[in-house]
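For what it's worth, the working numbering labels the leading residue of the sequence shown as 3, then goes sequentially. Beta carbons: idealized from backbone N, C-alpha and C, even for Gly. Since the model is a prediction, treat every value here as computed from it, not as a measurement.
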Amino acid sequence: MLRQRVITAIALLVVLFAALLAPGAWPLIALLTVAAACALWEWLRLTWPQAHPMAPLAATLALVALCAGGAAWMNMAAPLRFPAIQIVVNHWLVPFVSAVWVLGASVIVVQGNTGVRGSAWLCVFGVLAVLAAWAALVQMFVLHGAWFLVSLLALIWAADIAAYFTGRAFGRHKLAPRVSPGKTWEGALGGVVASMLWVMLSAHWAGSFGALLMRHWPAWLVAVAAAALGALSIVGDLFESLLKRRAGVKDSSGLLPGHGGVYDRLDALLPVAPIALLLTLGMI
Numbered sequence: 003m004l005r006q007r008v009i010t011a012i013a014l015l016v017v018l019f020a021a022l023l024a025p026g027a028w029p030l031i032a033l034l035t036v037a038a039a040c041a042l043w044e045w046l047r048l049t050w051p052q053a054h055p056m057a058p059l060a061a062t063l064a065l066v067a068l069c070a071g072g073a074a075w076m077n078m079a080a081p082l083r084f085p086a087i088q089i090v091v092n093h094w095l096v097p098f099v100s101a102v103w104v105l106g107a108s109v110i111v112v113q114g115n116t117g118v119r120g121s122a123w124l125c126v127f128g129v130l131a132v133l134a135a136w137a138a139l140v141q142m143f144v145l146h147g148a149w150f151l152v153s154l155l156a157l158i159w160a161a162d163i164a165a166y167f168t169g170r171a172f173g174r175h176k177l178a179p180r181v182s183p184g185k186t187w188e189g190a191l192g193g194v195v196a197s198m199l200w201v202m203l204s205a206h207w208a209g210s211f212g213a214l215l216m217r218h219w220p221a222w223l224v225a226v227a228a229a230a231l232g233a234l235s236i237v238g239d240l241f242e243s244l245l246k247r248r249a250g251v252k253d254s255s256g257l258l259p260g261h262g263g264v265y266d267r268l269d270a271l272l273p274v275a276p277i278a279l280l281l282t283l284g285m286i
């Protein structure tokens, strides 16, 4: 199992960095589109009653829409030709999804309500959340480049790794026992601190997410923003755990051997990406 997990992780990293370093933006946009389509399919599997006759059709239509959107964004002039698209995405979709993550998903996770109802609303939010994260990642890559995106992803990786090891070493108080019994407040604090330290450290390297924030904000405010993003990455992880417990499954799918599904790998990124975009809009 561990060997399979390591092989899959290495393969995923190779594909990701190959897309990031490839000439032109289309390889990464294509990769993000495929990943978003898979994650959305998995989200709908967790939230939409499988017996419902419309479930397969809805999932198929959502995947087609994402692939069509990806094809459109591969043309870098598309946002300039259709400025209304960016207005809708950046002024309506991304802020709305960000607010739901902060004010809605966070509350549900803290309450540990694994019996939360409203499959239709969870499905709608899933579509909007994946679209917002996808659009945010594409725009940040196009505007700021590969290193910027890697430094943002590293914030999430730092939070996840630090939360795991801090929780193992010092964890005593359960964070959300009805959602994810293994997570503790101590681990969450370690993850938040690690994300903050990473952003402050990477701010010394030109072109990073932290460097862009430091050019426009005082250091203390950058630290607060980094801590907030680290906390939101944990919320995203816990929210997926809630959906899986609600559906009675261990993984979102079996698409990634040893890792479960694509959504299992992207759960922390979904709330972080749109809010990171909001923090950096207008910054060049």
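The alpha-carbon separation between L48 and G173 amounts to approximately 29 angstroms. Around the beta carbon of W207, fewer than 16 other beta carbons lie within 10 angstroms, which makes this residue exposed. By the beta-carbon neighbour count (other beta carbons within 10 angstroms, threshold 16), A13 is exposed. Secondary structure of A37 (DSSP, three-state): helix. The beta carbon of V194 is closer than 6 angstroms to those of A229, G232, A233 in its chain, skipping five residues each way along the sequence. Looking only at A171, T35, L157, A270, the smallest Cα-Cα distance to L203 is reached by L157. With contacts defined as CB atoms closer than 8 angstroms, S197 and A221 fail to qualify as a contacting pair.
Shortest Cα-Cα distance from R248 to any of V111, Y166, F211, S100 involves V111.
Per DSSP, reduced to three states, the secondary structure at P29 is helical. For K246, the enclosing alpha helix (DSSP H) stretches over residues 221-249. In the assembly as shown, L154 is a buried residue. Its beta-carbon has 16 or more other beta-carbons within 10 Å. In the three-state scheme derived from DSSP, where H, G and I count as helix and E and B as strand, L258 is classed as strand. Each residue's CA atom was taken as its position, placing F211 and W94 some 23 angstroms apart. In the three-state reduction of the DSSP assignment, S182 falls in the strand class. The beta carbons of L280 and V144 sit about 16 angstroms from each other, so the pair does not count as a contact at 8 angstroms. By alpha-carbon distance to W123, the top candidate from I9, G114, L46 is L46. Fewer than three pairs of CB atoms, one per stretch, sit closer than 8 angstroms, so the segment 121-141 makes no contact with the segment 171-189. C-alpha of M285 to C-alpha of A21: approximately 24 angstroms in a straight line.
For K176, DSSP records a beta bridge to T186.
With 16 or more other CB atoms across the displayed protein chains lying within 10 angstroms of its CB, A227 is buried. Annotation: the continuous alpha helix (DSSP H) that includes A138 extends over 121-146. The Cβ atoms of S243 and A270 do not sit closer than 8 angstroms to each other.
Spatial neighbours of F150 in its own chain (CB-CB distance under 8 angstroms, excluding positions within 5 residues in sequence) are listed in chain order as M142, F143, G209, S210, F211, L214.
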